[in-house]
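Since the structure comes first, as structure tokens, the remarks are kept for the end.
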Ligand code: CP
Ligand code: NVA
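In our numbering, the protein residues as written are 3 to 306.
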């Protein structure tokens, strides 16, 4: 049975849907690698709304929609009426009458929730201040490809408790793995979030301890989009939260390193880690394409 209407948070998925998306990703990726035409979304239109910058998200959605036989339209705040204060509800009513599916990258989660509540068509979160669910879908499928099921494994998050970290936490709950988190003081996971996920979360003051025996070590920029004014303070506060070879050396011997990108070598990650043998960041980035194609197919066609 199809229960997923929109993909606004990772927790919108149930376990069965996640497993289905993994299977569809494997199939869709294999067809792509064989150069096999596959057009289940012929004549369908994706509208992509960006209120923040992007390389991977735009490219993977736009190329993905094209590869599935459909087309994609790019809108941004600067060039559309969204930047001149048209209410989100009105924009949702209009945009969703002219296309089949919408992807939005914006600021507060409440903006995408309001859009979805007024949309006739499925809405996908392409990153908000609170969540980045498409990223974690790609990350976990990348882990499965390299190391098998994630259930029962330990993921170490080092750095800011941002949108990507919040989404890892939702995934840990759904897929039953453990998330070790170490953030600098003052940048902890919000207590309500931490409390709700306490069975799958362990918080560490020392990032080395968070990484100990982890099967996956991951991090993200110290300053996310929209928080640029805090950059100076964050550079100081996060100085000891760089994923380096010492941290990787206490992780499981077969641990992989991930980063959603863009990365800042010498800040949140040392160059020899992101460019080293344990890093799977390029596979991770590529899998944005394959997982989102599976997601759009599911939202528009159901089970095929
Ligand atoms: N990881 C990610 O979402 O990258 P972009 O900001 O380039 O889309
Ligand atoms: N946490 C980062 C992710 C970028 C893909 C940001 O929100 O800017």
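Here a beta-carbon is modelled for each residue, glycine too, at the ideal position from N, C-alpha and C.
Notebook entry, point to check: For residue 159, which of helix, strand or coil comes out of DSSP?
Noted result: strand
Notebook entry, point to check: What are the boundary residues of the alpha helix (DSSP H) that includes residue 211?
Noted result: Counting along the chain, the alpha helix (DSSP H) containing residue 211 begins and ends at 209-213.
Notebook entry, point to check: Going by alpha carbons, who is nearest to residue 100 out of 133, 48 and 19?
Noted result: Per the Cα distances, 48.
Item checked: DSSP three-state assignment for residue 168, whether helix, strand or coil -> helix
Note to self: Would residue 108 and residue 53 qualify as a contact pair, given that the criterion is a beta-carbon distance under 7 Å?
What the structure shows: yes
Note to self: Residues in the same chain with beta-carbon distance under 6 Å from residue 90, minus the five sequence neighbours each way, listed in chain order, please.
What the structure shows: 113, 116 and 117
Check: In the structure shown, what three-state DSSP assignment does residue 289 receive?
Finding: helix
Next item on the list: Tell me where the alpha helix (DSSP H) around residue 60 begins and ends.
Entry: 58-69
Next item on the list: With a threshold of 16 other CB atoms inside 10 Å of the CB of residue 188, please say whether the residue is buried or exposed.
Entry: exposed
Checklist line | DSSP three-state assignment for residue 299, whether helix, strand or coil | finding: helix
Checklist line | Touch test, the stretch 57-73 against the stretch 289-299, Cβ-Cβ under 8 Å, three pairs minimum | finding: Using a Cβ-Cβ distance cut-off of 8 Å, the stretch 57-73 and the stretch 289-299 are in contact, since at least three pairs of beta carbons, one from each stretch, lie closer than that value.
Margin query: Within 10 Å of its beta-carbon, does residue 57 have 16 or more other beta-carbons around it, so buried, or fewer, so exposed?
Written below: exposed
Check: For residue 182, which three-state DSSP category applies?
Finding: Note: residue 182 maps to strand in three-state DSSP.
Check: At a cut-off of 6 Å, is residue 283 close to the ligand NVA when judged by its beta-carbon and the heavy atoms of the ligand?
Finding: no
Next item on the list: Could you tell me which residues DSSP pairs with residue 267 in its beta bridges?
Entry: 271
Margin query: Using only the alpha-carbon positions, how far apart do residue 248 and residue 215 sit?
Written below: Residue 248 and residue 215: Cα-Cα distance of roughly 13 Å.
Notebook entry, point to check: Which residues in the same chain have their Cβ closer than 8 Å to the Cβ of residue 148, if we skip the five residues on either side of it in sequence?
Noted result: 258, 282 and 285
Next item on the list: Label residue 7 either buried or exposed according to how many other C-beta atoms from any shown protein chain fall within 10 Å of its C-beta, with 16 as the threshold for buried.
Entry: exposed
Check: Does the ligand NVA have even one heavy atom less than 6 Å from the beta-carbon of residue 24?
Finding: no
Next item on the list: With hydrogens ignored, establish whether the beta-carbon of residue 139 is closer than 6 Å to any heavy atom of the ligand CP.
Entry: no
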